[in-house]
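**Q** Please find one structure pasted underneath; my questions will follow.
In UniProt numbering, the protein residues as written are 1 to 851.
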């Protein structure tokens with residue numbers, strides 16, 4: 001299944017040696033019978049793309065190999081002829097004896113023996129594709145080609161079928177066969193990395209390239225490369241077009257209004273299986289980092305945690321059983337997990353597992369609602385889990401199948417469960433006592449037992465109620481005593497915590513904020529001491545609402561102290577917003593509020609200290625010392641998206657931020673992004689995700705047009721701001737105020753997009769570290785988020801899915817909302833004055849400054 005028989009492998013290696021030896025004629029693309037070869041000469045393809053000759057590993061070693069490499073990068077070897085039999089001599093000759101072609105050294109040692117039949121004349125030729133072919137000179141019939149016997153590298157023009165595989169090098173300096181094989185899996189549209197020792201999988205891909213649930217989807221360019229596709233269909237109405245003259249692949253995506261072309265791969269792309277067991281795809285010869293790599297991390301290794309276990313990656317992997325599952329072998333984390341009791345009954349229940357990666361389901365239905373999907377699973381005794389996705393109106397408008405109601409089911413054990421995904425699944429478990437939707441049948445035989453249990457339950461509940469009432473009475477008494485003490489303290493100090501809470505009206509807030517606010521009140525004198533009386537030496541920056549200072553609390557805890565200015569425009573309502581909202585929000589991508597303080601006109605917020613300050617200091621500063629590479633910028637974009645998704649959908653309060661910008665994104669010690677400044681945030685009720693206001697406050701360049709002009713805001717307003725932040729992270733330029741181009745960043749980006757030059761947008765410092773596919777995906781997502789019509793913008797749920805998904809699934813962006821840019825000239829000429837838009841709303845614009 002994996003290897004051809006031994007003779008074929010030996011034959012292919014020997015044949016490779018022949019080809020290589022032929023190549024060492026200087027700057028020719030072919031060699032014929034009778035020509036000798038030494039280590040100073042090589043073959044070069046007609047287009048000067050590939051060379052074939054002798055190389056040594058490691059450098060300076062006496063072991064010589066015959067191989068093929070890129071002409072522009074001789075260190076990148078793509079094929080080795082004699083990986084099992086290095087030469088100790090650098091001179092060989094190709095001879096013919098009778099009907100056989102032989103390759104031998106000066107000691108008459110034979111490295112190759114191939115029967116060509118009769119007096120057939122042969123030539124070895126190196127093609128521009130990197131393929132070395134042995135041809136009959138009269139008929140040009142190919143007797144042998146290196147593409148049929150690859151080593152560790154797959155090149156454009158090859159086709160990965162059941163008879164082809166890649167075998168890793170033994171080490172970085174040893175081309176002999178290593179410990180890993182990459183090949184097609186069991187004649188299906190799936191690929192696998194196997195251990196050569198026992199042929200068990202190390203990694204398995206999803207089926208094809210565009211499945212929805214697979215945690216290990218094959219990168220779309222890799223899928224095209226492996227299948228040698230010339231006409232492949234994709235989800236987003238995309239079609240791979242025929243190869244161009246320079247052997248480039250492109251694919252075309254159409255929707256109702258637009259057609260967009262993308263380059264999928266070219267003659268410089270390659271796929272390798274490296275000595276460490278990772279399969280890597282490079283779109284360019286001299287790329288330092290791969291565009292795609294699997295296993296992506298230890299959790300991507302097949303079966304690393306076993307069945308029904310969720311894999312976490314931190315400094316090391318952690319395998320945790322799902323709720324109501326237990327480990328098969330407590331001493332072996334990879335043994336997987338099993339249910340504590342059997343399933344298959346009609347009264348089984350489901351546990352929800354959120355934001356994970358999971359393998360593809362085995363069953364699919366189109367059902368109207370989640371209840372029908374759950375019922376369908378319960379009716380199937382083999383159903384282990386289900387997932388339901390309601391219709392997506394935006395996708396349904398374009399006629400795509402993803403726009404329909406979808407119900408997926410799994411009838412096999414769940415494998416390869418990973419965190420940091422975008423899917424929610426419901427796993428079937430047996431009903432336990434206390435489950436609201438669990439039922440239990442009764443019968444005449446056990447009726448008396450049920451009656452006894454009922455009596456015991458009633459007695460137990462009575463005792464619990466008595467204890468509860470007693471506890472509540474005691475708590476009420478203690479509160480009365482505490483209030484008297486606090487009232488006495490208020491008479492002495494008018495700036496106490498109780499005074500502050502009453503002024504903020506926290507006690508009258510919904511959801512009983514007095515009990516749940518959960519953050520301490522600090523005396524003003526304590527804040528003064530912590531900040532050295534708000535000294536300039538401790539000043540971190542000047543924000544739109546006032547200065548921010550570094551402070552040191554007792555015990556050595558470093559904090560950031562935000563002192564709201566009386567001239568900032570942020571009043572009591574905004575301060576109350578920030579205190580109550582952030583206290584209720586808990587997410588790794590939201591800044592944490594540690595306390596607050598009020599005294600007279602002073603309003604102070606105490607935050608966790610972010611050593612790296614704000615994002616704008618990194619992306620707008622050209623200093624090499626604070627440069628962020630592409631990998632970290634991409635992680636920051638995903639982190640911001642997750643934080644917004646939490647605000648819009650997953651938090652206990654549904655919140656619109658209204659002031660998202662780069663200076664409001666703080667970075668911790670590990671450069672993880674944290675959204676801050678919730679003074680302008682608004683809570684929306686229930687399923688309402690929009691509202692309006694007559695007082696428009698925000699930051700020029702980040703406000704959505706419907707908010708700036710009409711006072712209408714929604715979650716899509718935050719999506720617009722997110723899109724601006726993404727484009728600023730990509731370009732290293734501000735949306736407004738840049739002298740580099742005479743238009744806003746949105747207009748500049750849109751013009752580059754229309755001119756098919758999107759990569760001109762990227763910060764020049766990212767050229768070496770960036771991955772073109774991820775950059776293009778972020779540009780498209782940024783443009784989708786800043787579209788003029790809020791209805792065209794994606795939700796943050798869709799944004800997270802797009803960031804974690806494939807580029808081909810992205811719709812084509814429409815024209816963004818252009819905001820008239822302020823002129824940089826001081827001239828009073830009317831030609832330099834921006835157009836004025838009249839509105840009844842009061843528009844307040846704040847300057848963005850780094851914290």
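Backbone N, C-alpha and C define an ideal beta-carbon position, used for all residues, glycine too.
I'd like to know whether the C-beta atoms of residue 30 and residue 124 end up nearer to each other than 8 Å.
**A** Contact flag set, yes.
**Q** Taking residue 616 and residue 663 to be in contact with their CB atoms under 8 Å, please state how far apart those CB atoms are, rounded to whole angstroms.
**A** Contact holds; Cβ gap of about 5 Å.
**Q** DSSP state of residue 404, grouped into three classes?
**A** Coil at residue 404, not helix or strand.
**Q** What does the alpha-carbon distance come out to for the pair residue 577 and residue 665?
**A** Taking the straight line joining both Cα atoms gives about 18 Å.
**Q** Going by DSSP, what residues sit across from residue 288 in a beta bridge?
**A** Residue 288 is not bridged to any residue.
**Q** Could you tell me how far apart the beta carbons of residue 934 and residue 558 are, in whole angstroms, since I believe they sit closer than 8 Å?
**A** Beyond the ends of the chain as shown, which are 1 and 851, falls residue 934; an answer cannot be given.
**Q** Please determine, among 788, 304, 629 and 329, the residue with the shortest C-alpha to C-alpha distance to residue 318.
**A** Considering only alpha carbons, the answer is 304.
**Q** Return the CA-CA distance between residue 87 and residue 52, expressed in angstroms with no decimal places.
**A** About 15 Å.
**Q** Alpha carbon to alpha carbon, how far is residue 411 from residue 283? Give it in angstroms, no decimals.
**A** Whole-angstrom Cα-Cα distance: 38 Å.
**Q** Under a three-way DSSP split, which group does residue 749 fall into?
**A** The answer is helix: DSSP assigns residue 749 an H, G or I state.
**Q** So residue 718 is in the beta strand (DSSP E); what residue range does that whole segment cover?
**A** Counting along the chain, residue 718 falls outside any beta strand (DSSP E), though it belongs to the alpha helix (DSSP H) covering 715 to 731.
**Q** According to DSSP, which residues form a beta bridge with residue 132?
**A** Bridge partners of residue 132: 126.
**Q** Quick check: the segment 774 to 790 against the segment 696 to 703, are at least 3 beta-carbon pairs closer than 8 Å?
**A** Because the criterion of three Cβ pairs below 8 Å is not met, the segment 696 to 703 and the segment 774 to 790 do not touch.
**Q** Return the bridge partner residues of residue 597 from the DSSP annotation.
**A** Bridge partners of residue 597: 604.
**Q** What runs of the beta strand (DSSP E), each 3 residues or longer, lie entirely inside the segment 354 to 386?
**A** Counting only runs of 3 or more, we get 363 to 365.
**Q** Give the range of the alpha helix (DSSP H) segment to which residue 772 is assigned.
**A** First-last of the alpha helix (DSSP H) with residue 772: 772 to 785.
**Q** Could you tell me whether the segment 761 to 772 touches the segment 789 to 799, using the rule of 3 or more Cβ pairs below 8 Å?
**A** No: fewer than three Cβ pairs fall under 8 Å.
**Q** Classify residue 473: buried if its beta carbon has 16 or more other beta carbons within 10 angstroms, exposed otherwise.
**A** With fewer than 16 Cβ atoms within 10 Å of its Cβ, residue 473 is classed as exposed.
**Q** Once the 5 residues before and after residue 355 are set aside, which same chain residues still bring their CB inside 8 Å of it?
**A** Within the same chain, residue 355 has close Cβ partners 419, 420, 421, 422, 423 and 424.
**Q** Provide the residue span of the beta strand (DSSP E) that contains residue 167, from first to last.
**A** 165 to 171 is the span of the beta strand (DSSP E), which, as asked, contains residue 167.
**Q** Just the C-alpha distance for residue 775 and residue 729, rounded to the nearest angstrom, thanks.
**A** So the alpha carbons of these two residues sit roughly 11 Å apart.
**Q** Counting pairs of beta carbons, one from the segment 319 to 332 and one from the segment 375 to 382, are three or more of them closer than 8 Å?
**A** The segment 319 to 332 is not in contact with the segment 375 to 382.
**Q** So, residue 178 versus residue 170, is the Cβ gap smaller than 8 Å?
**A** Yes; because the gap between Cβ atoms is below 8 Å, this pair is in contact.
**Q** Take residue 328 and list the residues in its own chain whose beta-carbon comes closer than 6 Å to its own, dropping the five residues that flank it on each side.
**A** Counting only Cβ-Cβ distances below 6 Å, and skipping sequence neighbours, we find 335, 336 and 338.
**Q** Measuring CA to CA, which of 280, 126, 58 and 584 is closest to residue 71?
**A** Minimum Cα distance to residue 71 is reached at 126.
**Q** For residue 51, report the span of its beta strand (DSSP E) as first-last.
**A** Here the beta strand (DSSP E) through residue 51 covers 50 to 56.
**Q** What separation, rounded to the nearest whole angstrom, lies between the Cα atoms of residue 547 and residue 804?
**A** Whole-angstrom Cα-Cα distance: 37 Å.
**Q** Given that a residue counts as buried once 16 or more other Cβ atoms are within 10 Å of its Cβ, and exposed if not, what is residue 201?
**A** Residue 201 is exposed by the Cβ-count criterion.
**Q** Buried or exposed: residue 533, going by 16 or more other Cβ atoms within 10 Å of its Cβ?
**A** That one is exposed.
**Q** Have a look at 161, 465 and 280 and flag the residue whose alpha-carbon is nearest the alpha-carbon of residue 288.
**A** With distances taken between Cα atoms, residue 288 lies closest to 280.
**Q** Are residue 612 and residue 668 touching if we call contact CB-CB under 8 Å?
**A** Yes, they are a contact pair.
**Q** Enumerate in chain order the residues of its own chain whose CB-to-CB distance from residue 631 is below 6 Å, with the five nearest sequence positions on each side excluded.
**A** No residues qualify anywhere along the chain.
**Q** According to DSSP, is residue 734 part of a helix, a strand, or is it coil?
**A** Three-state DSSP puts residue 734 in coil, outside helix and strand.
**Q** Would you kindly work out how many angstroms separate the C-alpha atoms of residue 54 and residue 60, rounded to a whole number?
**A** Approximately 13 Å, taken between the alpha carbons.
**Q** Rounded to the nearest angstrom, what separates residue 542 and residue 372 at their Cα positions?
**A** Answer to the nearest angstrom: the Cα atoms are 55 Å apart.
**Q** Within a Cβ cutoff of 7 Å, which residues of the same chain sit near residue 639, ignoring the five residues on either side of it in sequence?
**A** These residues qualify, in order along the chain: 589, 672 and 673.
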